[in-house]
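96 is the number of the first residue of the sequence shown in the numbering used here; add one for each residue after it.
Single-structure report; data block below.
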Amino acid sequence: MRLARRYGIALVVMLLVWATVLYFCSEKLTNYDNSKSSSPVELVWWSKHMSWTQDEQRQCGIHTCRITNRRSRLPMARGVLFYGSNIKTGDFPLPRAKHQVWALLHEESPRNTPFVSNEEFLRHFHFTSTFSRYSNMPLTTQYLPSGAALTSKDYFVSFAGKSRFGYRPPTSVVFLQSDCDTMSGREDYVKALMKHLPIDSFGSCLRNKDLPESLQKDYLNNLYSPELLRFLSEYKFMIAIENAACPDYITEKFWRPLIMGVIPIYFGSPTIKDWQPNNKSAIFVNDFTNPHKLVEYLNKVADDQQLYDSYRQHKLNYRKPISNKKLLHNLVTRQYHMGDSSPGASLFEKFECAVCYHVINTARNGKADSRHYNCPLEPVYARLEGQEIPSNVADWRSMMEVGQCQAKILDEFFHRNLRFNDAEFDAELNRRIEANNCNNSSNI
Numbered sequence: 096m097r098l099a100r101r102y103g104i105a106l107v108v109m110l111l112v113w114a115t116v117l118y119f120c121s122e123k124l125t126n127y128d129n130s131k132s133s134s135p136v137e138l139v140w141w142s143k144h145m146s147w148t149q150d151e152q153r154q155c156g157i158h159t160c161r162i163t164n165r166r167s168r169l170p171m172a173r174g175v176l177f178y179g180s181n182i183k184t185g186d187f188p189l190p191r192a193k194h195q196v197w198a199l200l201h202e203e204s205p206r207n208t209p210f211v212s213n214e215e216f217l218r219h220f221h222f223t224s225t226f227s228r229y230s231n232m233p234l235t236t237q238y239l240p241s242g243a244a245l246t247s248k249d250y251f252v253s254f255a256g257k258s259r260f261g262y263r264p265p266t267s268v269v270f271l272q273s274d275c276d277t278m279s280g281r282e283d284y285v286k287a288l289m290k291h292l293p294i295d296s297f298g299s300c301l302r303n304k305d306l307p308e309s310l311q312k313d314y315l316n317n318l319y320s321p322e323l324l325r326f327l328s329e330y331k332f333m334i335a336i337e338n339a340a341c342p343d344y345i346t347e348k349f350w351r352p353l354i355m356g357v358i359p360i361y362f363g364s365p366t367i368k369d370w371q372p373n374n375k376s377a378i379f380v381n382d383f384t385n386p387h388k389l390v391e392y393l394n395k396v397a398d399d400q401q402l403y404d405s406y407r408q409h410k411l412n413y414r415k416p417i418s419n420k421k422l423l424h425n426l427v428t429r430q431y432h433m434g435d436s437s438p439g440a441s442l443f444e445k446f447e448c449a450v451c452y453h454v455i456n457t458a459r460n461g462k463a464d465s466r467h468y469n470c471p472l473e474p475v476y477a478r479l480e481g482q483e484i485p486s487n488v489a490d491w492r493s494m495m496e497v498g499q500c501q502a503k504i505l506d507e508f509f510h511r512n513l514r515f516n517d518a519e520f521d522a523e524l525n526r527r528i529e530a531n532n533c534n535n536s537s538n539i
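Right, here's the structure in full:
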């Protein structure tokens, strides 16, 4: 009897196990059938002023999504896409549906949309693509076309070749910039350098020379044109100062001189040394107490071939041109970079497919934080002589403070989850600024 009872219990357990297995298998099959028969997941671009009308079905690997900017499709959308430079403070899709992911693409510095850098705004997004390495789709090295571009000698000029141009000073420095109002105090720093060193400035900022006629027409949209790179590669140094100093915000200003074999004089991202090809690939403004000290070192490097070429090992070290493992890993794993002409390789298409994958495969409890777009409220600028401050720092500080106030208001409006317009937002912003209480919450 005892043996029969044991057999009975074992039989019941086996039946329960089989029933459980059959249940989960049937669920998997049902979900598979539903996914095959259901309509594609929809993503809606919300930002206005985008120059194209879009409504198409996109294949993103094994997934299919419908990408549209028809706002009438919002109720069906699983994801809402925002382009940072085109976000308007009075234009958000509220009330917000619980099932919808908000995704932010913003590759620029905060000068265009200052409220974006604040956590009060960022935490309302489930997916981000920014210059920060901590965003969901990082764009940190987007302006570096490839590792091969760093090691190629297509535009390389030897030290002797750079030194033979008698019409240029031995310490030849080029500045090419047409954005003349920056948070980093770029123009003020270059002016200070010019007091101690001749600098050829070809852009609209501090211009003292003209580009060759063939390069004048549209160089801003052809920053990596072979003709421009050949022209600039004859210089020993190139000023590479970003318009804002945010961690991981690295533009062509850093990569372009490295591609040419010109030493960058860099100021900008405080994390830049994490990304340089080797431990000694650029001369960093922050390593010097003032512009005069920097010029002294530039003169020393310009007169010493061995010292000069020690900054160009990514061109000269054939066995191991790039030693930075973080950079090498990024070049293999990154989802987007400029110069990719393959189908679906544009920044917007890459972002759309990344959000498509995220919406389908990722739980929506993760949210962005300040690391996803990490720019300081207080403008960071290159150190000048003595205690001198760049002329426009106060204006940028004021702009960032207004952006912080905007972010706090948006945070409260989003939590209220009711639709609002530009007039309502502006009225609340003006009220707080006039009352000097941007740091306090409101009963809106």
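Just so it is clear, CB atoms sit at the ideal spot from N, CA and C, and this is done for glycine as well.
Keep in mind the model is a prediction, meaning the values are calculated, not measured.
- Quick one: any contact between the stretch 327-345 and the stretch 285-297, if contact means 3 or more CB pairs under 8 Å? Touching, per the Cβ criterion.
- Message: Output needed for Phe515: all residues of its chain with C-beta closer than 6 Å, excluding positions within five of it in sequence on either side, in chain order.
- Response: For this step, residue 515 is matched to residue 420 along the sequence shown. Result list for Phe515: Phe508, in chain order.
- Are Thr277 and Glu337 closer than 9 Å when you measure CB to CB? The residue you call residue 277 lines up with position 182 of the sequence shown. The residue you call residue 337 lines up with position 242 of the sequence shown. Contact flag set, yes.
- Uninterrupted alpha helix (DSSP H) stretches inside the stretch 425-499 (no shorter than 4 residues): Look at the stretch 425-499 and you find these whole runs of alpha helix (DSSP H), each 4 residues long or longer: 442-456.
- Of the choices Ser465, Pro233, Met495, whose alpha-carbon is the least far from that of Pro474? Along the sequence shown, read from residue 1 onward, the residue named residue 474 stands at position 379. Checked all of Ser465, Pro233, Met495; the closest Cα to Pro474 is Met495.
- Given that a residue counts as buried once 16 or more other Cβ atoms are within 10 Å of its Cβ, and exposed if not, what is Pro209? For the purposes of this step, residue 209 is taken as residue 114 along the sequence shown, with counting starting at 1. Buried, by the Cβ-count rule.
- Query: Who are the Cβ neighbours of Ile162 in its own chain at under 7 Å, not counting the five residues just before and after it?
  - Reply: As a first step, residue 162 is located in the sequence shown; it is residue number 67 there, counting from the start. Closer than 7 Å at Cβ, skipping near neighbours: Leu138, Gln149, Glu151, Arg153, Glu447.
- Query: Given that a residue counts as buried once 16 or more other Cβ atoms are within 10 Å of its Cβ, and exposed if not, what is Glu529?
  - Reply: On the sequence shown, residue 529 is found 434 positions in, with the first residue counted as 1. With fewer than 16 Cβ atoms within 10 Å of its Cβ, Glu529 is classed as exposed.
- Helix, strand or coil: how does DSSP classify Pro359 here? Start at 1 with the first residue of the sequence shown, and residue 359 comes out as number 264. It is a strand residue.
- Unbroken beta strand (DSSP E) runs of length 3 or more, entirely within the stretch 224-278: which are they? Counting whole runs of 3 or more residues, the stretch 224-278 contains the beta strand (DSSP E) stretches 268-270.
- With 16 other CB atoms within 10 Å as the buried threshold, where does Arg414 fall? Mapped onto the sequence shown, residue 414 falls at position 319. Label assigned to Arg414: exposed.
- Can you give me the start and stop residues for the alpha helix (DSSP H) that Ile528 sits inside? For this step, residue 528 is matched to residue 433 along the sequence shown. Start and end: 517-530.
- Going by alpha carbons, who is nearest to Gly185 out of Glu444, Asn534, Thr366, Glu523? Position 90 of the sequence shown holds residue 185. With distances taken between Cα atoms, Gly185 lies closest to Glu523.
- Message: Please report the straight-line C-alpha distance between His510 and Phe177, rounded to a whole angstrom.
- Response: Position 415 of the sequence shown, counted from the start, is the residue given in the question as residue 510. Position 82 of the sequence shown, counted from the start, is the residue given in the question as residue 177. A direct Cα-Cα distance of roughly 18 Å separates His510 from Phe177.
- Query: Could you give the residue range of the beta strand (DSSP E) that holds Arg153?
  - Reply: Stepping through the sequence shown from its first residue, residue 153 is reached at position 58. In this chain, the beta strand (DSSP E) harbouring Arg153 covers 150-155.
- Query: At a cut of 8 Å, does the stretch 450-464 reach the stretch 221-236 through at least three beta carbon pairs?
  - Reply: Yes, they touch.
- Task: Determine the DSSP secondary structure at Gly280, reduced to helix, strand or coil.
- Result: Along the sequence shown, read from residue 1 onward, the residue named residue 280 stands at position 185. Coil, per DSSP.
- Out of His201, Leu271, His467, point me to the one whose CA is closest to Leu301's CA. Looking up residue 301 in the sequence shown gives position 206. Shortest Cα-Cα distance from Leu301 to any of His201, Leu271, His467 involves Leu271.
- Message: Please return the same chain residues whose Cβ sits closer than 8 Å to the Cβ of Tyr452, not counting the five positions on each side in sequence.
- Response: In the sequence shown, counting from the first residue as 1, residue 452 sits at position 357. Correct list, in chain order: Cys155, Gly156, His158.
- Cβ neighbours of Phe251 in the same chain (closer than 6 Å, five flanking residues each side left out): Here the question's residue 251 lines up with position 156 in the sequence shown. So the list reads Gly356, Lys410, once near-sequence residues are dropped.
- Taking Cβ positions, are Asn512 and Pro170 nearer each other than 9 Å? Position 417 of the sequence shown holds residue 512. Position 75 of the sequence shown holds residue 170. Here Asn512 is not near Pro170, since their CB atoms are 9 Å or more apart.
- Task: Name the residue from Cys160, Asn164, Ser309 whose alpha carbon lies nearest to the alpha carbon of Trp141.
- Result: Counting from 1 along the sequence shown, the entry for residue 141 is found at position 46. Nearest C-alpha to Trp141: Asn164.
- Query: Where Ser130 and Pro438 are concerned, what is the direct C-alpha to C-alpha distance, given to the nearest angstrom?
  - Reply: As a working mapping, residue 130 is identified with position 35 in the sequence shown. As a working mapping, residue 438 is identified with position 343 in the sequence shown. Residue placement at Ser130 is flagged as unreliable, the pLDDT there being 39, under the threshold of 50; the coordinate-derived value follows with that caveat. About 26 Å.
- Item | Glu282 burial status per 10 Å Cβ neighbour count (16 or more: buried) | Along the sequence shown, one-based indexing puts residue 282 at 187. Only buried fits Glu282, as 16 or more other CB atoms lie within 10 angstroms of its CB.
- Query: DSSP on Trp350, reduced to helix/strand/coil?
  - Reply: Along the sequence shown, read from residue 1 onward, the residue named residue 350 stands at position 255. Here Trp350 carries a helix assignment [DSSP, helix/strand/coil].
- Does the stretch 372-380 touch the stretch 345-364, meaning 3 or more C-beta pairs lie closer than 8 Å? Remark: three or more beta-carbon pairs, one from each stretch, lie closer than 8 Å, so the stretch 345-364 and the stretch 372-380 are flagged as touching.
- Pick from Gln499, Arg466, Thr246, Tyr476 that is closest to Ser376, judged by C-alpha positions: In the sequence shown, residue 376 corresponds to position 281, counting from 1. Ser376 has its Cα closest to that of Thr246, out of Gln499, Arg466, Thr246, Tyr476.
- Message: Only counting the same chain, and skipping five residues up and downstream in sequence, which positions put a Cβ closer than 6 Å to that of Pro471?
- Response: One-based indexing of the sequence shown puts residue 471 at position 376. Close CB contacts of Pro471 within its chain, under the 6 Å cut and outside five residues either way in sequence, are absent.
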